[in-house]
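Numbering (mature numbering (1 follows the signal peptide of the UniProt record, and there is no 0)), first residue to last: -18 to -1, 1 to 419.
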């Protein structure tokens, strides 16, 4: 049987993007979301009542769906298809649960033995978030016990609400958000399709890494809740862990221990802002905080700063900082109004110059397999003095001192995720990223 008739298809089309308030209206998912009074069942994709009570209250034989929201004064259209084993009436009504006053009622819906389309347009009498649609079949006059079949139930709001602020419900996204005066939720943000640039090799002592897969991150409470919980969320961009800036206006990072940052001269972070974002009044501010003492250094970035914020591509921010007073660097803050439109990676302070690849040629470290499951093998052409494995929070989770050119680590008990493996060879330290599957 064709579940959606041409009539109903045209009806929904004429209502544009109106949202159907009824779920499982075609009973394709059986009795899901419906309450079937006895003897109701789903038969061949239709609600089916083999008989109805001859006497008593109309609701002694009923089919209903509860939990519907109505906006008083808005216009709604109810449609369904129905037939009976013999010509008979049923009642169709929408009531506010517990109060039992009506949003809509028709106590004389005449059914025939032919499947027929029914449509009723009405104005909601009140605002209520707990109303229910009822099909009542008991004690309804002639042929009151005759079998009833119901299918393809829809209920849509046909009113576009104009609010005091001039916003029309549905204007923002082209969909009906239920008739409320709040703007429709924005569509999901589009993240970058490529990962942030890979930072250069640096001596570990030249880097204070707050978040990066290239260096060992300092231990911290990375989402300290300064503006509420869950300010950021780690996501994966092109197989690379990346931080997404979420709904709050700020993120606080509190280091487990204060760090002497007085000799560090640069701050780096890679930032991606969703393509098409209007940056006219947008800000992205970064702040170092000294503890104790509370001294602070803030870097303010916008469309007029150097560098200037841009949208649609990774921006490598690399700015000089004067941290000579920060002998107890303990906190770092990010403030921005680019909620849910900004991603960042490689947030660190540094000093000195990057190391060329020739600095590590004497050790020629190889790690395999990567990604790793149960065992990670590390080979070098010189004796490996020390190996340390750190998780994304900068916590050391494994270490070894093999004093040989090769070592195998048992990684089967590590949780899935990204780890940094540092190796010390001939007095030189190198860091590699390893993914645990």
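C-beta atoms are modelled at their ideal positions from N, C-alpha and C, and glycine is treated no differently.
By the C-beta criterion, the segment 320 to 331 is judged to be in contact with the segment 214 to 227, since at least 3 inter-stretch pairs fall below 8 Å. Fewer than three pairs of CB atoms, one per stretch, sit closer than 8 Å, so the segment 174 to 183 makes no contact with the segment 311 to 319.
A check of alpha carbon separations from residue 112 across 131, 79, 88 identifies 79 as the nearest. Rounded to whole angstroms, the Cβ separation of residue 362 and residue 299 is 35 Å, and the two are not in contact under 8 Å. Under the three-state reduction of DSSP, residue 260 is assigned to coil, being neither helix nor strand. Within the model, the alpha-carbon separation for residue 287 versus residue 267 is close to 11 Å. Taking residue 205 as the centre and dropping the five residues before and after it, the same chain places the C-beta of 213, 214 closer than 6 Å to its C-beta, in chain order. For residue 91, the enclosing beta strand (DSSP E) covers residues 84 to 93. Excluding the 5 residues flanking it on each side, residue 309 has same chain C-beta neighbours closer than 6 Å at 242, 244, in chain order.
Minimum Cα-Cα distance from residue 260 among the listed residues 294, 270, 236 corresponds to 294. Cα atoms of residue 275 and residue 291: separation of roughly 31 Å, rounded to the nearest angstrom.
Within the DSSP bridge table, the entry for residue 415 names 402 as partners. Remark: C-beta atoms of residue 75 and residue 84 approach each other more closely than 8 Å. A straight-line Cα-Cα distance of about 11 Å links residue 23 and residue 132. Taking the Cα of residue 95 as reference, the smallest distance to any Cα among 46, 130, 257 is reached at 130.
Around the beta-carbon of residue 229, fewer than 16 other beta-carbon atoms lie within 10 Å, marking it exposed. Membership of residue 222 in the beta strand (DSSP E) is indicated by the continuous run 222 to 227.
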